[in-house]
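Residue numbering for the sequence shown follows the working numbering, starting at 6 and increasing by one per position.
Each residue gets a CB set at the ideal place from its N, CA and C atoms; glycine is no exception.
Since the structure is predicted, the reported quantities are computational estimates derived from the model, not experimental observations.
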Amino acid sequence: MPVCRESFSPALFPSEGEEGYIPYSEEKGKSISELLHLLSEKHQLSLSAYEKILQERTEEDEELARSLAKECTEKHYGNGVYTRGLIELTNYCKNNCYYCGIQRENAEVERYRLFKEEILSCCEEGYRLGFRTFVMQGGEDPYFTDERIVDIVTAIREAYPDCAITLSIGEKSRESYEKYYKAGVNRYLLRHETADEEHYQYLHPKELSWKRRMRCLQDLKEIGFQVGCGFMVGSPHQTVKTLAKDLYFIQEFQPDMCGIGPFIPQHATRFAKEKAGSLRETLFLLALLRLIKPNLLLPATTALGTIDEHGRELGILSGANVLMPNLSPTEVRKKYLLYDNKICTGDESAQCRADLEKKMKAIGAELLVDRGDAKKEKESEIE
Ligand code: SF4
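Rendered as structure tokens:
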């Protein structure tokens, strides 16, 4: 199978004096709250301004970011929250990402794959419950050849022409991505994990390459997918500098979606004893991401709901506008554990949706029955 090209290296993070460096003179001498207002107005800052914000912000600055982000979300998306039905199609994976509970070397995992018929019945139930996007997510499982993926996608596309189809099955060749797109896949999620190459290598074995990950993201964008990237908050060896690079990367790459959630250690991995990422940091970053890209599709993730009972509601109140409840058959949910203590693994899909509906209502938000595509900048402002 051809692999992604390794030659792509984005000209990210130019420093003063280097080609591509943008001297944001407006930033000079500004306080953190002034920088937040500037970001809210211009949607871009320099890398060093992001570092300064992450390093020096106070609780009041966090509150300011949250309220600017909430205002921005309401302006572009009203109080509506998009939902996506998540179908975890396989927990087999050929990779060994050091933080991941379903990595190849974890012998504790009881492996499973869903058959096409099972996937279609998840979609059937999801459609009945009001989902208009199906997200098929899984490990990099060689069983799911391009032919099998295209076959499944074609069947969903025929049965649900009004729904969006999202894939999240890892790094593939450009040719494979093109086949998926042609078969009717609209969106592709591939977390970049970290915009710092050295940090990436700390989180992954050496056969996985940051440049290849970046190349895949670029390929997906060029092909025409709505592209989602993302990263964990508080992952081992993450620093203010690497996080600032993540924010700057989002600003430059301009993805349609960005999934962030706190790092949560999984007991069978080498990071079992590491500290989890914090709710507070994740909420602050959600707010910054909303200000960087006002029409960004920004999920309040299950990991956020796992570290705090009200994590997802707080995420929505900090600028997120997407929820991705599980549509996988209940009997396989406990086998797809990327991290420990994951919530909603025992619930029925209908129960998950009903619970979320109630939670959203309590904070004045509304779950929508809508494909929930990324809005174009011009059409996204609600009068
Ligand atoms: S993070 Fe994804 S690619 Fe890495 S081991 Fe887990 S499922 Fe596989």
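{"query": "Outcome for Arg220 when other beta-carbon atoms lying within 10 angstroms are tallied against a minimum of 16", "result": "buried"}
{"query": "Cβ neighbour criterion (16 or more within 10 Å) applied to Ser240", "result": "buried"}
{"query": "CB of Val140 within 8 Å of CB of Ala188, strictly", "result": "no"}
{"query": "Straight-line gap, Glu180 to Arg338 (C-alpha atoms, nearest Å)", "result": "31 Å"}
{"query": "Residue span of the alpha helix (DSSP H) that contains Thr335, given as start and end", "result": "Thr335 to Arg338"}
{"query": "Gln206 Cβ short of 7 Å to the ligand SF4 heavy atom set", "result": "no"}
{"query": "Cβ neighbour criterion (16 or more within 10 Å) applied to Glu388", "result": "Reliability of the predicted coordinates at Glu388 is poor, the pLDDT of 45 falling under 50, and no value is obtained from them."}
{"query": "Straight-line gap, Gly3 to Gly90 (C-alpha atoms, nearest Å)", "result": "The requested residue 3 does not occur in the structure, where the chain is confined to residues 6 to 388."}
{"query": "Per-residue DSSP class, three states only, for Ser173", "result": "strand"}
{"query": "Residues whose Cβ lies closer than 7 Å to any heavy atom of the ligand SF4, in chain order", "result": "Cys98, Asn100, Asn101, Cys102, Cys105, Ile107, Gln108, Arg109, Gly144, Glu145, Gly175 and Leu343"}
{"query": "Neighbourhood of Ala370 by C-beta distance below 7 Å, restricted to the same chain and skipping five residues each side", "result": "Asn84, Val86 and Ile321"}
{"query": "Short Cβ contact (8 Å threshold) for Leu342 with Cys127", "result": "no"}
{"query": "DSSP bridge partner residues for Thr287 (one or two, in chain order)", "result": "Paired residue(s): none; Thr287 is not in a bridge."}
{"query": "Ser142 - partner residues in DSSP beta bridges", "result": "First, the residue type needs correcting, since residue 142 is Gln and not Ser in the sequence shown. Paired residues: Glu93 and Ser173."}
{"query": "Residues sharing a beta bridge with Arg192, DSSP", "result": "Thr171 and Gln231"}
{"query": "Contact the stretch 100–108 vs the stretch 263–279: 3+ CB pairs below 8 Å", "result": "yes"}
{"query": "Stretch pair the stretch 296–307 + the stretch 260–269: three plus CB contacts closer than 8 Å", "result": "yes"}
{"query": "Glu336 versus Thr159: straight-line alpha-carbon distance, rounded", "result": "26 Å"}
{"query": "Every unbroken alpha helix (DSSP H) within the stretch 98–150, with a cutoff of 4 residues, ordered by chain", "result": "121–134"}
{"query": "Cβ pair count under 8 Å reaching 3, the stretch 279–298 against the stretch 232–247", "result": "yes"}
{"query": "Residue environment, Ala164, which counts as buried when at least 16 other CB atoms sit within 10 Å", "result": "exposed"}
{"query": "Runs of alpha helix (DSSP H) wholly within the stretch 227–283 (minimum 4 residues, chain order)", "result": "245–258"}
{"query": "Distance between Lys35 and Asp251 (C-alpha atoms, nearest Å)", "result": "22 Å"}
{"query": "Delimiting residues of the alpha helix (DSSP H) encompassing Thr78", "result": "Glu64 to Tyr82"}
{"query": "For Ser38 and Cys98, the rounded distance between their alpha carbons", "result": "44 Å"}
{"query": "Close Cβ partners of Lys380 (< 8 Å) along its chain, the five nearest in sequence each way excluded", "result": "His81, Tyr82 and Asn300"}
{"query": "Whole-angstrom distance between Thr199 and Leu50, CA atom to CA atom", "result": "19 Å"}
{"query": "Close beta carbons around Gly175, own chain, < 6 Å, minus the five adjacent residues each side", "result": "Glu145"}
{"query": "Distance between beta carbons of Lys340 and Tyr117, contact taken as under 8 Å", "result": "5 Å"}
{"query": "For Pro304: DSSP bridge partner residues", "result": "Val327"}
{"query": "Candidates His204, Leu69 and Ser354: closest to Leu291 by CA position", "result": "Leu69"}
{"query": "Counterpart residues of Leu372 in DSSP-defined beta bridges", "result": "Val86"}
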